[in-house]
Structure formats: C-alpha cells, structure tokens
Amino acid sequence: MGRLLQQVEGKNPLRFVLDTSALIGGIPLSDLHGELFTVEEVLEEARSVISRSRLEAGLSSGLLKVSSPSAGSLRRVKRACGRTGNVISETDAKLLALALDLGAVLLTDDYSLQNAAAILGVEARPVVTEGIREVRLWESFCPACGRAFGPGRRQCPVCGSPLSRRVRRRRRL
126 MGRLLQQVEG
136 KNPLRFVLDT
146 SALIGGIPLS
156 DLHGELFTVE
166 EVLEEARSVI
176 SRSRLEAGLS
186 SGLLKVSSPS
196 AGSLRRVKRA
206 CGRTGNVISE
216 TDAKLLALAL
226 DLGAVLLTDD
236 YSLQNAAAIL
246 GVEARPVVTE
256 GIREVRLWES
266 FCPACGRAFG
276 PGRRQCPVCG
286 SPLSRRVRRR
296 RRL
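Using this note's numbering, read the sequence shown as starting at 126 and increasing by one per residue.
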C-alpha cells in the first residue's frame, strides 16, 4: 500500500478508478488525494464485510463516485482486447473504459487488466501486488497440430481440437 501511494504521490493525479481489488487491498480512500470513481458492477462484486464497508463508507462520505463509461470507450477497450488476445471481464472492460474517459489512474491488482491498460496507454497501478513487468500479446494455438491462430477462436479449424492460449509477443515495461 505504501508503494502505491509513493508511486502516485509525485505525479499527483487528480482522478483514480478503483476496481474491487483496490477496495479489498485496504487503501484508505482518504489517502488518495483526488477524485475517486468506480463502476456499478464493482458494488456487486464487493462481497466481503470489509470491502463492502469500505465501499459504503466511501460512497456515503462522497469520496467515491459511481460512474459509467462512454459507449465509444467501451468499444475501444473491447476491440483492443480482441485484437491482442487479452481476456478481461465485462466489469474490467468498463473500469478500463472509464479510466480512458476520465484520463484517470486505474488502481488494480488484476494482471490481465493491467496488461490491457498498458496496451491502451492507461496508467495502471497495483495496490498490493508488484504489478506487471511486461506487456503480453496473446494468440490461440492448437496443442494437437501446432498451428497458431488469431485470438477469438475456440476450436482448431484444421483438426477440431480445442485451442489453448500462449504469449505471442512480450514487451518489457
């Protein structure tokens, strides 16, 4: 938690978008100087008593605002994930799209979400984990016949076997 605050303190960002892991990680919302946002789906994902109480305290105090991303940003996120083989949930896509809309720092421990954010040029900061060290682009491949395919396929069109995923390219951050 201290590492996160040190990383963002120097830049003094004005806006943060928080995912569920930021609430579970225990960042005191009052320590984040700026506007704090999340999406409606995070409210539903916060199941533990602690994360739920932090969420409710942030909402009732006005520190945390619930917002929705634009349809254009959401399409941009989904297109980028489809093109690069990143698999993120609908909630994560909305969080990333909201960060794009607001020009905000995304606070998350989700590696797939951090990877997608890096591809889209959105600053993402981990809360408890070390965070990603490289950006990964993925491809589908057939473990039976060895052929590689772009992302999105589930079955090999040549031999019919189920496809797996592997890293196609890496770029250090």
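C-beta: ideal position from N, C-alpha, C; glycine also.
Beta-bridge pairing by DSSP links residue 230 to 141.
A Cβ-Cβ separation of about 17 Å leaves residue 260 out of contact with residue 225 under the 8 Å criterion. Here the alpha carbon of residue 173 sits roughly 45 Å from the alpha carbon of residue 284. Short of 7 Å from the beta carbon of residue 146, and not among the five residues preceding or following it, lie these beta carbons of its own chain, in chain order: 233, 234, 235, 252.
By the beta-carbon neighbour count (other beta carbons within 10 angstroms, threshold 16), residue 239 is buried.
Taking residue 278 as reference, the option from 166, 268, 185, 264 with the minimal CA-CA separation is 264.
In the DSSP assignment, residue 168 falls outside any beta strand (DSSP E) and lies within the alpha helix (DSSP H) extending over 165-170. In the three-state DSSP reduction, residue 191 falls in the strand class (E or B). By the Cβ-count criterion, residue 217 is buried, with 16 or more other Cβ atoms from all chains shown falling within 10 Å of its own Cβ.
Residue 283 carries a coil assignment under DSSP once its states are collapsed to helix, strand and coil. Fewer than three beta-carbon pairs drawn from the segment 162-176 and the segment 196-211 are found closer than 8 Å, and the two stretches are therefore not classed as touching.
For residue 140, same chain residues with a beta-carbon under 6 Å away, outside a window of 5 residues either side, are 159, 160, 227, 229 in chain order.
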